[in-house]
Amino acid sequence: MPSSSSIQSIFENLPSHQQLLVLGFLLFFFFGIHNLMQEAIMSLEGFKWGMMLGYFEVLGVTVCTHFERIYLGDNKEPRKTPLKAFFFLTFLLMSSSSLSNISLNYINYPTKVVFRSCKLLPTMFIATIVNKKVFGVKQYVAAGCICAGLVLYAAADWTLAPSFRPFGLTLVFLSICADSILPNAQEKLFASGSTRSEVTYYVNVLVLIAMTFSTILSGDLLATWAYACENPTAALYLVIYTIISYVAIGVHMNVINRFGGVTTVLLGTGRKAMTIMLSFIIFPKQFSWFYVFGSALVLGGLTYSGLDKVNNRNNGGPQMPKAKNSSPELRAEKSQNKKDSEETELFLNVKVKEQRTISV
Numbered sequence: 006m007p008s009s010s011s012i013q014s015i016f017e018n019l020p021s022h023q024q025l026l027v028l029g030f031l032l033f034f035f036f037g038i039h040n041l042m043q044e045a046i047m048s049l050e051g052f053k054w055g056m057m058l059g060y061f062e063v064l065g066v067t068v069c070t071h072f073e074r075i076y077l078g079d080n081k082e083p084r085k086t087p088l089k090a091f092f093f094l095t096f097l098l099m100s101s102s103s104l105s106n107i108s109l110n111y112i113n114y115p116t117k118v119v120f121r122s123c124k125l126l127p128t129m130f131i132a133t134i135v136n137k138k139v140f141g142v143k144q145y146v147a148a149g150c151i152c153a154g155l156v157l158y159a160a161a162d163w164t165l166a167p168s169f170r171p172f173g174l175t176l177v178f179l180s181i182c183a184d185s186i187l188p189n190a191q192e193k194l195f196a197s198g199s200t201r202s203e204v205t206y207y208v209n210v211l212v213l214i215a216m217t218f219s220t221i222l223s224g225d226l227l228a229t230w231a232y233a234c235e236n237p238t239a240a241l242y243l244v245i246y247t248i249i250s251y252v253a254i255g256v257h258m259n260v261i262n263r264f265g266g267v268t269t270v271l272l273g274t275g276r277k278a279m280t281i282m283l284s285f286i287i288f289p290k291q292f293s294w295f296y297v298f299g300s301a302l303v304l305g306g307l308t309y310s311g312l313d314k315v316n317n318r319n320n321g322g323p324q325m326p327k328a329k330n331s332s333p334e335l336r337a338e339k340s341q342n343k344k345d346s347e348e349t350e351l352f353l354n355v356k357v358k359e360q361r362t363i364s365v
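If you're matching positions, the sequence shown starts at 6 in the numbering used here and goes up one per residue.
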């Protein structure tokens, strides 16, 4: 049986287009399993603890990151940032994960996928209000397409889905607001000398501790444990879901490291479209053309925005007039804020290893 090093060596010797095909297939495969398992778990009769999906995601990333740090020797390096510096990021991450998964108690899965994809809107809103940032026409066009798509999608759910409740959209919106703040909070830690591996590990450890206490107090953890003990299928689904979250993001980061932003944007949009289609095929729902038009507008707007961001970065960014009081630190911060924060769910956005790629 070939070792992991030999498999990686074989992969490295493949032509670039074959590497892309392999990684693209793995990206769709593992994220497809992840998303289908999430909806399958929520569809189980008697399962009503959406927050526990976030708990198992964090558990999987924490455990796998721990062993990865041991394998790479990162665990031997002293922590560069005091634990208290991770608390705000922990709050954001816990809010994002918990609110997103609790929303599944009120809306169907495709609606959650579509709305969770739209971090562009709160990101632009926060940047406009807080940083007085002015965006280009293309970004406003993309935002308009996304807004129109969301309205169509919500209208279809409102008329067709008996379990649809607007409160679920509120939870999703709050979760993506937390996601939109995450990049800036992360960069403050990186500026203090923390590595991405360190941030990923310690933040998820703190989130896991906080979620363990909160789910014990709410009764969700013990109720889910009892449910899994009585339902072997649910237990199997939860184990697969816990592990697959970590594997999927490893493949995703390989695509970013090897092929850059444009390819990642296109594959990410295709993956979301695949998730929505599989959801309707495997878990039958009432159909409306509003779903089709809404999805097309949202995914098209996301692709257009993502490609425009990548093009701006490659060209050195749009030319902006220099403010009289613009300091080097402020310019550096504005440049950093151009980073694409699309992918991400939770903890997944900080799962980037410095100058390393995770082996396939």
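Every residue, glycine too, gets a C-beta built ideally from N, C-alpha and C.
Taken in chain order, the whole alpha helix (DSSP H) runs of length 4 or more contained in the stretch 73-120 are 92-107.
A check of alpha carbon separations from THR86 across VAL139, VAL204, GLY29, ALA231 identifies VAL204 as the nearest. Going by C-alpha positions, SER103 is about 34 Å away from VAL142. TYR232 sits close to ALA239, with the two beta carbons spaced by under 8 Å. Exposed is the label assigned to VAL139, since fewer than 16 other Cβ atoms lie within 10 Å of its Cβ. For ARG170, the secondary structure class from DSSP, reduced to helix, strand or coil, is coil. The Cβ neighbour count for CYS234, taken over all protein chains shown within 10 Å, is under 16; the residue is labelled exposed. In the DSSP assignment, VAL27 falls within the unbroken alpha helix (DSSP H) covering 21-48.
Pairing GLY305 with CYS150 gives a Cβ-Cβ distance under 8 Å. Around TYR111, the same chain offers ARG170, PHE172, GLY173 as residues with beta carbons nearer than 6 Å, after the five sequence neighbours per side are excluded. If you draw a straight line from the Cα of PHE264 to the Cα of LEU28, it comes to about 10 Å. The residues VAL208, LEU211, VAL212, in chain order, have a CB closer than 6 Å to that of THR95 in the same chain once the five nearest residues on each side in sequence are set aside. Secondary structure at LYS193: helix, using DSSP grouped into helix, strand and coil.
For HIS39, the number of other beta carbons within 10 angstroms of its own is at least 16, and it is reported as buried. Contact annotation: the stretch 252-259 touches the stretch 32-49, with at least three C-beta pairs closer than 8 Å. A straight line joining the alpha-carbon of SER108 with that of PRO20 spans about 43 Å.
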